[in-house]
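K.L.:
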Amino acid sequence: MENNRVDYSHKVLEVENLKKHFYHGVGRNKLVIPAVDGLTFDVYKREVFGLVGESGCGKTTTGRTIIKLYNPTEGVVSLNGEMIGAGYKEHIREIKRIKEEAAEKILKFDNQKYQASLINNKANQTIGFLKLDIRNINLGEKGQLKIANRPIEANKEQVYQVKNDYEFNIETIKYDYNLEASKVHNLSINSAQADYDRELAGLKIGKNRKTDGLKESAALNEDVIEARISELNANYEKLFADLSSKYAPLIEKGDKNIIAKEDAKARIAVIKEARHKKVLIAKENYKKAKAAIVKPDKVAVRAAVNKVKTDNKIKITEMRKQISELQAKAKQEISVLPSNKETGINEAEVKVAIEEIKAWRDQAVNEKKAIIAELRQINKSKDALEYSRKMQMIFQDPISSLNPRMTVLEIIGEGLTIQGGFTKAQIKATVQETLEIVGLSKEYAARYPHEFSGGQRQRIGVARALIMNPDFIIADEPISSLDVSIRAQVINLLSDLKEKLGLTILFIAHDLSVVRFFCDRIAVMYNGKIVELAEAEELFNNPMHAYTKSLLSSVPQPDPDYEKNRTRIGYNPRAHDYRMDKPSLREIGPDHFIYANDKEFAEAKKAYDDNSGKKAVKKGDSK
């Protein structure tokens, strides 16, 4: 039982302010995607910590950043008290901020330049907005021109549709004619006679080839050749007679059912005439449909297009005029600024103050650079790598996560091979032992991944993680690609291994019912952040965040009456007003945290206390 009990005095994993941002584009168009945005949580020894949320919320990215498949943008990851990964992008931004702050302070001592910078900044801000408006007008013009040209495009579409319908009708008429003519032609042919003629021709070809072969033979004399040709002719005469006897009654019977050639030609002529009439009708209908299409007013369309271009040109010209005026005004205001001599600034005092600011800047920057160097060293250090080996991952897809060109022995033993210090015999013995631990036969070590079912492949993935004897395992949706029965087997396997080996697991999943059954604590993620964290039963019985309530309301229950009356709770992230009142992860009850600002937390706290009071009353009544 000791291996099944969570040890809350021993933190196996510590995650502090973890961020992982992805970047797309460059310069002004650079887009920052905060996949993981400031996660803080601990995982204790022998605990199963669940991460749940919709696809794209950052669960898998969190797991991959913890295990160092991704480098963190910011934050710290520690395993058993040792730092194994850290991000330093925030410190780089802080260096930039320090330099900008120092430059601004220094600039203030040169009053003329400082005032000039304020004037320029104010003008440039407005100019920036105007340039953005010009860019939007240019981008929007394409859509406006498309709307203006819509009558012409609609006309082209109608013409195309009418022509397409006409061509389809003609092809249909031709197909019907060929089908009917073929039927009539077949009625004028005796199929038995055709089969007889075909087989007879085949026999004659065979006879002629053999005869020519005998005549050209240099190994036989003329008497032998003539004798064999006579024998060949006799044999084929018998074959011809047998073929004629076989088909004679069939041909006689078939002759009674065929129509005369003249009759067939007459019928085909009638069908051809009908085809001609249908084609004429189709052509006439095509002309009428084409004539019925209302032609667009090209003059009006051209006028609309010109209006769009003219209006946009006027707007852009006016904005460029405003930009020129702003630039001229800023230049004029700067030209009348008083010089530093006129303001009576003490140059000696200014020089001392500037040197002090530079000293502060250099010290602050050097401190940040030292921190960055230390964090970089942590990410590259051998000690961090050594500790990272005590952390393994079970991947989501049991098919793509296994190399199809490697045997199970090579796949599971790869970690030991890379680590070094083991003989081939030791690796083989350890792999076979691990296979038996996960419920597979040791003979499977010689097989390839394609020879196993989905559940067996996932067991191989579990064995690959276990063979390294880890302190901590990240299970990244290990059951999402498996069917229901196999899911139960994998979950039961992980439960048994947790009890036997005392594993600590970060369990990432979509299936809320599985998470409730398997996890000790659960963190709900949305948009890269943890919005609620609590023990499993507490979270399901008393959800406090709006997103958690929405998520749980979508879980189906095996109760028809409940399902009949179940209502989905929607979640609208725009309902939160975080412009002034900033949110954070706060403890609303014992080990129960929600992501909220002051106003939301006060409302949630009241609801939480009310729920707790009602539960206490019910508990007292039951006694």
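1002 is the number of the first residue of the sequence shown in the numbering used here; add one for each residue after it.
For glycine and all other residues, C-beta sits at the position ideal for the given N, C-alpha and C.
#1: Measure the alpha-carbon distance for L1200 versus L1483 and round it to whole angstroms.
#2: For G1144, which three-state DSSP category applies?
#3: In whole angstroms, what is the alpha-carbon distance linking M1002 and P1591?
#4: Relative to the C-alpha of K1208, which residue among A1235, S1189, S1514 and S1192 is closest?
#5: Measuring alpha carbon to alpha carbon, tell me which residue in K1132, R1094 and I1272 is nearest Y1178.
#6: Using 10 angstroms around the beta-carbon of R1522, count the other beta-carbons present and answer buried if the total reaches 16, otherwise exposed.
#7: Would you give the residue range spanned by the beta strand (DSSP E) that M1392 belongs to?
#8: Pick from K1164, K1211 and V1463: whose alpha carbon is nearest that of L1233?
#9: Take P1405 and list the residues in its own chain whose beta-carbon comes closer than 8 Å to its own, dropping the five residues that flank it on each side.
#10: Leaving out the 5 sequence neighbours to the left and right, which residues in its chain are closer than 8 Å to S1481 when beta-carbon positions are compared?
#11: What first and last residue would you give for the alpha helix (DSSP H) that runs through D1363?
#12: Which residue wins for smallest C-alpha separation from R1569, given the options Q1162, S1554 and A1576?
#13: Which whole-angstrom value describes the C-beta separation of E1075 and N1018, a residue pair presumed to lie in contact below a C-beta threshold of 8 Å?
#14: Can you give the beta carbon distance from G1529 to A1104, rounded, assuming they're within the 8 Å contact cut?
#15: On a CA-only basis, which of A1365, R1094, I1358 and T1127 is nearest A1331? Give me that one, please.
#16: DSSP on P1399, reduced to helix/strand/coil?
#17: Do the stretch 1044 to 1061 and the stretch 1492 to 1505 meet, that is, are 3 or more Cβ pairs less than 8 Å apart?
#18: In terms of residue numbering, what span does the beta strand (DSSP E) encompassing P1152 cover?
#19: Hey, out of G1440, L1417 and G1421, whose CA is closest to T1431's CA?
#20: So Q1194 and I1252 are in contact, right, with Cβ under 8 Å, and what is the actual spacing, rounded?
#21: With three or more C-beta pairs closer than 8 Å as the rule, is the stretch 1116 to 1133 touching the stretch 1370 to 1387?
#22: I'd like to check one pair, T1435 with I1412: are the Cβ atoms closer than 9 Å?
#23: Along the chain, where does the beta strand (DSSP E) that runs through R1587 open and close?
#24: Who are the Cβ neighbours of F1602 in its own chain at under 8 Å, not counting the five residues just before and after it?
#25: Please name the residue in Y1071, N1307, P1339 and G1082 whose C-alpha comes closest to that of Q1116.
#26: Ordered along the chain, which non-local residues of its own chain (more than five positions away) have a Cβ less than 8 Å from that of V1485?
#27: D1643 by DSSP, collapsed to three states: which one?
#28: Is I1373 closer than 9 Å to Y1089 when the C-beta atoms are compared?
#29: Evaluate the contact criterion for the stretch 1546 to 1561 versus the stretch 1486 to 1496: three or more CB pairs, one atom per stretch, below 8 Å.
#30: Just tell me which of V1366, K1370, I1468 and I1400 has its CA closest to the CA of F1453.
#31: To the nearest angstrom, how far is it from the Cα of K1020 to the Cα of G1059?
#32: Could you tell me the distance, in whole angstroms, from the CA atom of E1334 to the CA atom of N1112?
P.N.:
The relevant details are as follows:
#1: For the sequence presented, residue 1200 should be read as Glu rather than Leu. Cα to Cα, the separation comes out at about 59 Å.
#2: helix
#3: Summary for M1002: the model assigns pLDDT 47, below 50, so the residue's position carries little reliability; its value from the coordinates is reported in the next sentence. For M1002 and P1591, the distance between alpha carbons rounds to 25 Å.
#4: A1235
#5: I1272
#6: buried
#7: Element bounds for M1392: M1392 to I1395.
#8: The candidate whose alpha carbon is nearest that of L1233 is K1211.
#9: If we look at P1405 and ignore the five residues flanking it on each side, its Cβ neighbours are Y1449, P1450 and H1451.
#10: By the criterion of a C-beta distance shorter than 8 Å, S1481 is surrounded in its chain by Q1397, A1510, H1511 and D1512, once the five residues flanking it on both sides are discounted.
#11: E1348 to K1381
#12: Residue S1554 is the option with its Cα nearest to R1569.
#13: E1075 to N1018, Cβ: 6 Å. Contact.
#14: Taking the Cβ atoms as the reference, G1529 lies roughly 33 Å from A1104, outside the contact range of under 8 Å.
#15: T1127
#16: Here P1399 carries a coil assignment [DSSP, helix/strand/coil].
#17: yes
#18: That residue, P1152, is in no beta strand (DSSP E); its alpha helix (DSSP H) goes R1151 to L1188.
#19: Comparing C-alpha distances from T1431 to each of G1440, L1417 and G1421 shows the shortest one belongs to L1417.
#20: 5 Å
#21: These segments do not touch.
#22: For I1412 and T1435, no; Cβs fall outside 9 Å.
#23: S1585 to G1590
#24: Correct list, in chain order: R1587, I1589 and I1595.
#25: Per the Cα distances, P1339.
#26: none
#27: No answer is possible for residue 1643: the residues shown for the chain start at 1002 and end at 1624.
#28: yes
#29: The answer is no - the stretch 1486 to 1496 does not touch the stretch 1546 to 1561, with fewer than three Cβ pairs under 8 Å.
#30: I1400
#31: 10 Å
#32: Those two C-alpha atoms are separated by around 14 Å.
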